[in-house]
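Chains as they are written, first to last, in my numbering: chain R, 1 to 137; chain G, 138 to 274; chain P, 275 to 411.
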Amino acid sequence: MKLVKEEIEIETRKLYEVIDITEKVEAVLEKSKIKNGILFANSLHNTAALIIQENDSSIFKDLEKSLEKIFPLNEKYEHSYEGNINATAHLKNCFLGNSISVPIENGKLQLGTWQRIMFIELFEARNRKVVITIIGE
Amino acid sequence: MKLVKEEIEIETRKLYEVIDITEKVEAVLEKSKIKNGILFANSLHNTAALIIQENDSSIFKDLEKSLEKIFPLNEKYEHSYEGNINATAHLKNCFLGNSISVPIENGKLQLGTWQRIMFIELFEARNRKVVITIIGE
Amino acid sequence: MKLVKEEIEIETRKLYEVIDITEKVEAVLEKSKIKNGILFANSLHNTAALIIQENDSSIFKDLEKSLEKIFPLNEKYEHSYEGNINATAHLKNCFLGNSISVPIENGKLQLGTWQRIMFIELFEARNRKVVITIIGE
Chain R
1 MKLVKEEIEI
11 ETRKLYEVID
21 ITEKVEAVLE
31 KSKIKNGILF
41 ANSLHNTAAL
51 IIQENDSSIF
61 KDLEKSLEKI
71 FPLNEKYEHS
81 YEGNINATAH
91 LKNCFLGNSI
101 SVPIENGKLQ
111 LGTWQRIMFI
121 ELFEARNRKV
131 VITIIGE
Chain G
138 MKLVKEEIEI
148 ETRKLYEVID
158 ITEKVEAVLE
168 KSKIKNGILF
178 ANSLHNTAAL
188 IIQENDSSIF
198 KDLEKSLEKI
208 FPLNEKYEHS
218 YEGNINATAH
228 LKNCFLGNSI
238 SVPIENGKLQ
248 LGTWQRIMFI
258 ELFEARNRKV
268 VITIIGE
Chain P
275 MKLVKEEIEI
285 ETRKLYEVID
295 ITEKVEAVLE
305 KSKIKNGILF
315 ANSLHNTAAL
325 IIQENDSSIF
335 KDLEKSLEKI
345 FPLNEKYEHS
355 YEGNINATAH
365 LKNCFLGNSI
375 SVPIENGKLQ
385 LGTWQRIMFI
395 ELFEARNRKV
405 VITIIGE
C-alpha cells in the first residue's frame, strides 16, 4: 500500500466562480502510479466549496440562485466585519462541504459518467489550495 | 494493510425512494475479512444522495418536505432540459452529498445505535451504483 | 503504512453548543506518531454535526439563525415523538454532515489558517462520541 500527497493551487477571480479541477486531480493520480485505491481532496478554506457535480454551467446558475435565496445578502449577520458576502460564504461552506473522495480503478478516477470535481469560490478572488491524498496500490 | 473494492448496484423505483443499504455494505465488509480500519461508500451519481441517518420513514417524509420547500419545483431553473425534478435533484445532491465513511471495529461497521447508510433517489427510477472501498487490516 | 483508531468523548450541555475538538484530535494524532497521511473523524450521531469551520462564535450565531429559518420549529413534522427540536435536528444533520477528513503533514493536521474541527450539538445535552481513524506512515 502506497501513500501520495500533493497540493493543487487554484486562483479564483470572483464570487461564484466554478472551476472544474478534475484534470488537475487526474494529473496527480497519474503521476502517483497508483492503480487501485481511493483519493481524497481537501480544500483548506472556510469560504469556498469542493463538491462532485456535473460540469454544466446551468446547474451552477441554479445553485447560485438557491444559495442567494437561502442565505440572503440583505439580512443582518453577526459575522459582518468582512461584509455579508463573507458572512454568507461561511454558511454556504457549512452546507456544501469542503472535501470529497473518489475511488480509483485501473489508475483512473472512478467517477460517474457526468461526475466532475468542482471547486466553487464563495467569497472573492483568492489563491486557494486543495490537498490531494491518495492511498492505494 | 489491505485494500478491498466492490460495487453495489441499487435499482430505484421513484423520486424520494429511500433505501437502507447497510446490509449490502456489511456483506462486502464481511467478505473482505478486514477487522479494523475504515470503509468509504461513493455514489456515482449527481441526482441521488448517500447519507448516514436513522432508518425511520418519518424522518425522510420531513426531509422530502424540507427539500421541496428549499428547492421548489414551481420555479424557473436554468438546468431545465430534463425538467424541474432533475434540476432540483442536482441542487439537493449538492447539499446532501454523495459519499460517506464508516470506521470498522472488530470486523463490523462502527455506526451509532441509530445510524444506517441510506441511499436517497432524488430524480426518478434508475439503476444506481455505489462503490465500496475498504482500507484496514 | 499504519492504522490508528481512537474514540473521543464529548459532553454537550445544550442545543447549538459548538465545541472545538481540534486539540483533542491533535492529541490522538500526536500519540499515533504518524507523520504523513490522512485522518478521519466520524460522529456516531444523527442529531449533531461535525464540520470544519473557523472557530468564531459569530459564524455559529449566523448558522443557528439560518438553520432556524430553513427548518422552523413551529411547523408540523412527522418525526415528532421526541419533539420538533429532535425532528429538525435530524434534518440539520442531513445537510451539515457528520464526518470530516484532514490530511496530515509532518505529524500535524494540515488545516487552513482558520480551519478548525467543530462539533455542533443539534438536539440537547448528550454524551457524544467521535471516532478518529488515522492512516499513514
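The beta-carbon is built from N, C-alpha and C at its ideal position, and this holds for glycine as well. Fair warning: this is a prediction, and the values are worked out from it, not measured in the lab.
Neighbouring residues, chain R, relative to residue i (Cβ below 7 Å)
{"i": "residue 376 of chain P", "result": "42"}
{"i": "residue 268 of chain G", "result": "103 and 110"}
{"i": "residue 333 of chain P", "result": "79 and 90"}
Proximity of residue i and residue j at Cβ, strictly below 9 Å
{"i": "residue 305 of chain P", "j": "residue 240 of chain G", "result": "no"}
{"i": "residue 162 of chain G", "j": "residue 194 of chain G", "result": "no"}
{"i": "residue 256 of chain G", "j": "residue 164 of chain G", "result": "no"}
{"i": "residue 36 of chain R", "j": "residue 121 of chain R", "result": "no"}
{"i": "residue 78 of chain R", "j": "residue 325 of chain P", "result": "no"}
{"i": "residue 85 of chain R", "j": "residue 344 of chain P", "result": "no"}
{"i": "residue 312 of chain P", "j": "residue 408 of chain P", "result": "yes"}
{"i": "residue 269 of chain G", "j": "residue 373 of chain P", "result": "no"}
{"i": "residue 383 of chain P", "j": "residue 303 of chain P", "result": "yes"}
Candidates the options, of which the one nearest residue i by Cα
{"i": "residue 178 of chain G", "options": "R:61, R:16, R:111 and R:47", "result": "R:111"}
{"i": "residue 250 of chain G", "options": "P:348, P:307, P:297 and P:319", "result": "P:319"}
{"i": "residue 260 of chain G", "options": "G:138, G:225 and G:235", "result": "G:225"}
{"i": "residue 227 of chain G", "options": "G:140, G:152, G:146 and G:171", "result": "G:152"}
{"i": "residue 340 of chain P", "options": "R:127, R:34, R:128 and R:76", "result": "R:76"}
{"i": "residue 11 of chain R", "options": "R:2, R:3, R:137 and R:43", "result": "R:43"}
{"i": "residue 170 of chain G", "options": "G:190, G:139, G:198 and G:192", "result": "G:139"}
{"i": "residue 13 of chain R", "options": "R:109, R:64 and R:125", "result": "R:125"}
{"i": "residue 83 of chain R", "options": "R:130, R:107 and R:47", "result": "R:47"}
Chain R contact residues for residue i, given Cβ-Cβ distances below 8 Å
{"i": "residue 310 of chain P", "result": "3 and 5"}
{"i": "residue 298 of chain P", "result": "Here the premise fails: no neighbours, minimum Cβ distance about 19 Å."}
Environment of residue i [buried if 16+ CB atoms lie within 10 Å]
{"i": "residue 116 of chain R", "result": "buried"}
{"i": "residue 218 of chain G", "result": "exposed"}
{"i": "residue 367 of chain P", "result": "buried"}
{"i": "residue 210 of chain G", "result": "exposed"}
{"i": "residue 294 of chain P", "result": "exposed"}
{"i": "residue 23 of chain R", "result": "exposed"}
{"i": "residue 127 of chain R", "result": "exposed"}
{"i": "residue 137 of chain R", "result": "exposed"}
Interface residues of chain P facing residue i [CB-CB closer than 7 Å]
{"i": "residue 193 of chain G", "result": "353"}
{"i": "residue 189 of chain G", "result": "372"}
{"i": "residue 200 of chain G", "result": "365 and 368"}
{"i": "residue 272 of chain G", "result": "409"}
{"i": "residue 127 of chain R", "result": "What residue 127 of chain R touches in chain P: nothing, since even the nearest Cβ is about 12 Å away."}
Residue i: contacting residues in chain G (beta-carbon distance under 9 Å)
{"i": "residue 32 of chain R", "result": "Here the premise fails: no neighbours, minimum Cβ distance about 14 Å."}
{"i": "residue 348 of chain P", "result": "By Cβ distance, chain G contributes nothing, its closest Cβ being about 14 Å from residue 348 of chain P, past 9 Å."}
Boundaries (first-last residue) of the beta strand (DSSP E) holding residue i
{"i": "residue 27 of chain R", "result": "It is not in any beta strand (DSSP E) - residue 27 of chain R instead sits in the alpha helix (DSSP H) that spans 22 to 32."}
{"i": "residue 99 of chain R", "result": "99 to 105"}
{"i": "residue 354 of chain P", "result": "Careful: residue 354 of chain P lies outside any beta strand (DSSP E) and carries neither H nor E."}
{"i": "residue 121 of chain R", "result": "116 to 121"}
{"i": "residue 273 of chain G", "result": "264 to 273"}
{"i": "residue 313 of chain P", "result": "311 to 317"}
{"i": "residue 190 of chain G", "result": "185 to 190"}
{"i": "residue 3 of chain R", "result": "2 to 11"}
Cβ-heavy atom distance, residue i to the ligand PLP, below 8 Å
{"i": "residue 46 of chain R", "result": "As far as ligands go, the structure on display features none, and thus does not contain the ligand PLP."}
Residue i, enclosing alpha helix (DSSP H) - first and last residue
{"i": "residue 201 of chain G", "result": "194 to 207"}
Residues that residue i contacts on chain P, provided the C-beta gap is smaller than 8 Å
{"i": "residue 71 of chain R", "result": "340"}
Contacts that residue i makes with chain P (C-beta to C-beta distance below 9 Å)
{"i": "residue 87 of chain R", "result": "332, 333 and 336"}
Proximal residues of chain C, C-beta to C-beta of residue i below 9 Å
{"i": "residue 243 of chain G", "result": "The chain inventory of the structure shown lacks chain C, comprising the protein chains R, G and P."}
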